[in-house]
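Read the structure below first, then the notes.
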Amino acid sequence: MDLEREALALSWFENQVLPGLLQTEGYARAVFCTDVPALSKEEIDRRVAARMERIEILHGSEPPTVSFVVSEAILHDRLGGEHAYLDMLRHVRRYADVPGVTVQIMPLGRQTHAGLSGPFILLETPEHQRLAYTETQRGSQLISAPDDVSILERKYAMLRTQALNTEESKDLLDRLLGE
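Shown next as C-alpha cells:
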C-alpha cells in the first residue's frame, strides 16, 4: 500500500472483483463479508475503513495517473444487494470522468483476451521503477524483475486494445444504470 500511495502511475486489471480504489463502502463490506473463514465484525470494519482510506490516493494534490481495465462480469454481480450494486455502478461511472483516471471494460463474450491468467497491478514509483503486484487465494507477490514486469506491461497494453474504449465503457455503465 505504501508503493500504491506514492506511485506516479497505476494500471490495474481485474476480472473477479472491482479494484479496491473503485470500491464503495457497501461493496467493500460485501467483499470482506464473503471471506472464508469468516472475519469478525471488527475485522471487517477495520478492513473497510482501510479500503476507504486508500481511495484518498485519487484525491491528493498530485494523484497518480490511473488506468483500470475491469471485466464486465464484475459489473453484473450484485455484491451487497441491489442498493450496494447501484451505488457501486454510480461510483465507477463518476470516476470514469475524473481527470487522470481511465476506466475501460472488458466486455463479456470475447473469444480470448490477454488477462486470462488473472488480475494484476502495474505501478511506477517516483524513481521511475516499474513494479507489478499480483494476488492469489493465499497470498500476494510483488514483482520487480524487469523481464517479468515487462511481460505484464505487454499484457496490459493488449488488454487496453481488447477492452472497450473509455467512451464505450462510459456508455455501458450508463446503460447498466438505466440512463
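In my numbering, the protein residues as written are 202 to 380.
Each residue gets a CB set at the ideal place from its N, CA and C atoms; glycine is no exception.
Asked: Residues near Glu226 by beta carbon distance below 7 Å, same chain, minus five either side; Found: Val249, Met253
Asked: Residue environment, Lys356, which counts as buried when at least 16 other CB atoms sit within 10 Å; Found: buried
Asked: Whether Leu324 touches Glu215 by CB criterion (8 Å); Found: no
Asked: Continuous alpha helix (DSSP H) stretch holding Leu374: start and end; Found: 367-377
Asked: Other residues of its chain near Gln363: CB distance less than 8 Å, five sequence neighbours each side excluded; Found: Met307, Arg311, His314, Ala315
Asked: Coil, strand or helix - Ser241 by DSSP; Found: coil
Asked: Short Cβ contact (8 Å threshold) for Leu309 with Ala274; Found: yes
Asked: Beta bridge counterpart(s) of Met307 as assigned by DSSP; Found: Ser272
Asked: Proximity of Ser212 and Ser272 at Cβ, strictly below 8 Å; Found: no
Asked: Under the three-state DSSP convention, the category Thr335 falls into; Found: strand
Asked: Paired residues, beta bridge with Glu207 - DSSP; Found: None, per the DSSP bridge assignment.
Asked: Buried or exposed by the 16-neighbour rule on C-beta atoms within 10 Å, applied to Leu343; Found: exposed
Asked: Leu378 beta carbon less than 8 Å from that of Leu290; Found: yes
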